[in-house]
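Only one structure is covered here, and it is reproduced in the block below.
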Amino acid sequence: MALLIGGALERPLAPYAPRGWGRPGPLFRLRPATTVVLATAATQPALATRLTEAAPGEPSADFSAERFLQRVERRRGPDGPRVPGLRVLVYHHLLPEAILVTLRHDSVTTSLERFEEQMGYLASDGYRTLAPEDLLTYLRGRRTLPRRSVMVTFDDGYESNYVYAFPVLKRYRIKATIFLVTAWMHEAQPPYRPRQLSYLTWPEIREMARSGLVSFGSHSDDLHRLQHGRPRGQVLPRSVVQADLEESRRKIEFNTGQFPLALAYPFGYRDQRLESAAQAAGFQLGFGTDAGPVTPLSPRFSLSRYFVAGWRDLSLFTEVLPPAVP
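Read in order, the letters of the sequence shown are residues 580 to 905 in the working numbering.
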């Protein structure tokens with residue numbers, strides 16, 4: 580059957596994929612409360628499966644557009660009335676708008692212009708940006724946070740974090756945490772080319788660490804890929820998963836002098852087995868990809884973040900920021 584979910588079209592459709600769905604398919608986002616899905620059960624069986632996963636318990640023959648939309652929006656972005664709690668923002672790749680519009684890109688890319696606008700807003704509006712140790716102390720109940728507090732994070736370790744994001748962070752004195760897939764990091768590589776995807780080098784990482792603005796966490800050593808169609812962390816033995824996370828932690832500590840406190844689960848996938856492996860590997864915080872605030876009651880290994888890519892309007896960004904931190 581065909582599905583069309585959404586409201587009035589306010590601007591040209593842009594490819595959009597909810598968190599964890601991979602590259603954008605026939606799913607489009609118009610504004611925070613409007614999502615359009617175009618699919619047929621006959622021609623889009625993979626999407627039909629993902630729709631069912633997004634709205635568990637919804638029979639495909641009796642699919643509730645309203646309930647699906649509510650669940651998608653809870654996973655991705657602004658979560659209705661703003662409730663107290665720390666917001667953790669997650670970025671991935673950055674590119675200048677002039678380049679971005681010429682490329683076929685996926686849903687993890689943010690334009691440099693939007694990123695600078697967002698960081699400028701945080702700085703001018705008096706937000707304090709946190710490092711992982713600040714968050715850990717808060718969750719342990721040993722400190723309160725200023726009302727306007729936020730945590731800025733990046734996943735994967737794209738070289739654009741150094742080329743484009745780092746100068747902005749320095750300009751506005753914004754703290755950020757980059758979660759590295761350490762198997763992808765090398766000592767040297769060819770000069771940066773914005774139209775080709777590349778990852779941070781260890782010298783770039785060390786320079787950012789010395790600035791005092793950028794902390795580093797793990798996104799695993801080599802778990803951020805699929806095995807038999809599933810995340811490696813889901814299929815490998817727990818001992819192998821733990822060894823991978825320990826290797827990632829060792830590489831970060833050796834190259835930066837920082838003891839990484841935080842892990843961002845590859846693909847956002849986590850279960851009790853992965854959480855216990857993270858704890859055994861020495862991590863103190865674990866981040867997923869479900870949208871929501873972090874409060875003093877949040878489980879330390881099941882922390883939420885807001886996925887920012889695709890928010891072209893500053894109002895969408897400001898909408899998720901907290902009214903207060905308890």
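No residue lacks a Cβ here, since even glycine has one placed at the ideal position from N, Cα and C.
What would DSSP say about residue i, mapped onto helix, strand or coil?
i, result
"R752", "coil"
"L648", "With a pLDDT of 37 at L648, under the threshold of 50, the predicted position of this residue should be treated as unreliable, though the coordinate-derived value follows. Helix at L648."
"T688", "strand"
"V680", "coil"
"E898", "helix"
"V747", "helix"
"T716", "helix"
"S855", "helix"
"S790", "coil"
"T628", "Below a pLDDT of 50, predicted positions are generally treated as unreliable, and T628, at 41, falls in that range; the measurement from the model is reported next regardless. DSSP places T628 in helix when its eight states are reduced to three."
"F694", "helix"
"F838", "coil"
"Y771", "coil"
"F846", "helix"
"S703", "helix"
"E766", "coil"
"R879", "coil"
In this structure, what does DSSP give as the bridge partners for residue i?
i, result
"Y737", "Y778"
"T761", "Answer is none; T761 lacks a bridge partner."
"P711", "DSSP lists no partner for P711."
"Q806", "R809"
"Y918", "The requested residue 918 does not occur in the structure, where the chain is confined to residues 580 to 905."
"M730", "V667"
"V742", "V742 is not bridged to any residue."
"V873", "L665"
From which residue to which residue does the beta strand (DSSP E) around residue i run?
i, result
"L665", "Counting along the chain, L665 falls outside any beta strand (DSSP E), and DSSP gives it neither H nor E."
"A843", "A841 to A843"
"F866", "L864 to F866"
"S797", "V793 to S797"
"L674", "H672 to L674"
Below 8 Å on the Cβ atoms is my contact criterion, and I expect residue i with residue j to pass it. Report the Cβ-Cβ distance as a whole number of Å.
i, j, result
"S883", "D869", "5 Å"
"P839", "G796", "5 Å"
"G865", "F880", "4 Å"
"E783", "Y741", "4 Å"
"L682", "R817", "Not quite, the Cβ-Cβ distance comes to about 39 Å (not below 8 Å), so this is no contact."
"S690", "L701", "The pair is not a contact, with the Cβ atoms about 17 Å apart (cut-off 8 Å)."
"F733", "F758", "7 Å"
"T761", "S827", "5 Å"
Less than 6 Å between C-beta atoms, sequence neighbours within five positions excluded: which residues of the same chain meet that for residue i?
i, result
"G705", "R727"
"Q697", "F896"
"L802", "R811, G812, D823 and P845"
"A859", "Q821"
"A843", "D734, F758, H798 and F866"
"L853", "G812"
Suppose the cutoff is 8 Å on Cβ atoms and the five residues either side in sequence are ignored; what does the same chain contact list for residue i look like?
i, result
"Q837", "A788, S794, F795 and I831"
"G699", "Y751"
"L776", "H672 and Y737"
"E766", "T780, W781 and P782"
Within the same chain, show all residues whose beta-carbon is closer than 7 Å to that of residue i, passing over the 5 residues directly before and after it, in chain order.
i, result
"V687", "H671, H672 and A888"
"P711", "T756, S794, G796, L840, A841 and L864"
"Y778", "G736, Y737, E738, W763 and M764"
"K749", "S790 and L792"
"P901", "R661, P663, G664, L665, R666 and P872"
"N834", "W781, I784 and R785"
"R804", "R811"
"L715", "L840, Q863 and L864"
From which residue to which residue does the alpha helix (DSSP H) around residue i run?
i, result
"V820", "R817 to T835"
Sorry if obvious, but does the Cβ on residue i come closer than 7 Å to a heavy atom of the ligand ATP?
i, result
"Y771", "As for the ligand ATP, it is missing from this structure, which has no ligand bound."
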